[in-house]
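Below is one structure; the comments refer to it alone.
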Amino acid sequence: MKFGIQVNEGPFTHQASDSAYHFVKAAIEKGHEVMRVFFYYDGVNNANKLSAPQADDRNLVKLWGELASEHNVDLVVCIAAALRRGIVEENLADGFRISGLGQLTEVGIAADRLVVFGD
Amino acid sequence: MSEVEFDTAGVVKNFMYVNRKAPYGTIYALEVLEAVLISAAFEQNAAIVFVDDGVYQIKKDQDTTAINMKNFSPTYGIIEMEKEDAEEDEDMDMVWRIIVEKESMEARGLTPDDFKVEVEVLSSDELAKVMAEQEVVISG
């Protein structure tokens, strides 16, 4: 199956990004395709490379980036949501790209299922 | 990372946008609205739904002066315009609906006259049926 994923929360306050990450990983391991992960609302904070969690905890910013490079997953950060929250090219983590909200609609059309992770 | 594009030509899906939160207090209402507006360019079917405190998003006469936040409620008028354009344009296949859940509306003492856009009022059961017909559901 072809999945589109929407992540609506940042990497710390809510579990949404963790759940999405595990879902994407499991889907790929089972042979499904993840066409795009779209980060919206506070989800854009998953792409902040200045984020520095404590060393003994998971670092979702890095984990997403690694997933992107290992499996060629398209990680898209909504530009309107990102600008508000100070996520710009200068602090954009590896593996992510900034683009428009149309990318969410597009993957909604193209994927068999759009799965939304948020509150 | 380079731009990735998918071929979406000729595909029309049923999108539903579920607005559940009050207009101010969290950013969800504003950012769902932005997503709805962008989707118009793709000429997809859209059901824009207001449930729970989300029904307050389209309340008439909002005044945000005291909380120093932008009153974005006039923008819902653009959704209504898109809906009417789609209805009038014979070359356009897309159908837009603006739906309010009856139970949420009544629990808050509101009537359709309190809204700044014309709405369809559906019961929770009727809304569940419409929801089951959707292919993409985006909520906030």
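Chains as they are written, first to last, in our numbering: chain S, 1 to 119; chain L, 1001 to 1140. Cβ atoms here follow ideal geometry from the backbone N, Cα and C, with glycine treated the same way. Everything numeric in this text was worked out from a predicted model, so none of it was measured.
{"Asked": "C-beta neighbour in chain L for S/G102, strict 8 Å", "Found": "yes"}
{"Asked": "Test: S/Q54 CB closer than 8 Å to a CB of chain L", "Found": "no"}
{"Asked": "Below-8 Å beta-carbon distance, S/Y21 vs any chain L residue", "Found": "no"}
{"Asked": "Below-8 Å beta-carbon distance, S/G108 vs any chain L residue", "Found": "yes"}
{"Asked": "C-beta contact flag for L/I1067 and L/Y1024 at 8 Å", "Found": "yes"}
{"Asked": "Proximity winner among L/E1133, L/R1020, L/E1084, L/F1006, relative to L/M1105 (alpha-carbon distances)", "Found": "L/R1020"}
{"Asked": "For S/I28, the nearest candidate out of S/Q15, S/A16, S/F3 (CA to CA)", "Found": "S/F3"}
{"Asked": "4-residue-minimum alpha helix (DSSP H) runs that sit fully inside the stretch 1103-1129 of chain L, ordered along the chain", "Found": "none"}
{"Asked": "Any 3 or more C-beta pairs closer than 8 Å across the stretch 51-64 of chain S and the stretch 76-88 of chain S", "Found": "no"}
{"Asked": "Residue interval of the alpha helix (DSSP H) (run including L/A1047)", "Found": "Where L/A1047 is concerned, there is no enclosing alpha helix (DSSP H), although the beta strand (DSSP E) it sits in stretches over 1045-1050."}
{"Asked": "Under the three-state DSSP convention, the category L/S1039 falls into", "Found": "helix"}
{"Asked": "Member of L/K1059, L/N1071, L/D1089, L/I1099 whose CA lies at the smallest distance from the CA of L/K1116", "Found": "L/K1059"}
{"Asked": "is_contact[S/T13, chain L] using C-beta, thresh 8 Å", "Found": "no"}
{"Asked": "At least three beta-carbon pairs within less than 8 Å, the stretch 40-49 of chain S to the stretch 1-19 of chain S", "Found": "yes"}
{"Asked": "Contact belief for L/E1080 with L/I1098 at Cβ below 8 Å, rounded distance in angstroms", "Found": "7 Å"}
{"Asked": "Inter-residue Cα distance where the pair is L/S1123 and L/L1110", "Found": "14 Å"}
{"Asked": "Bounding residues of the beta strand (DSSP E) (the contiguous stretch that carries S/S99)", "Found": "96-99"}
{"Asked": "Contact with chain L by S/S99, beta-carbon distance below 8 Å", "Found": "yes"}
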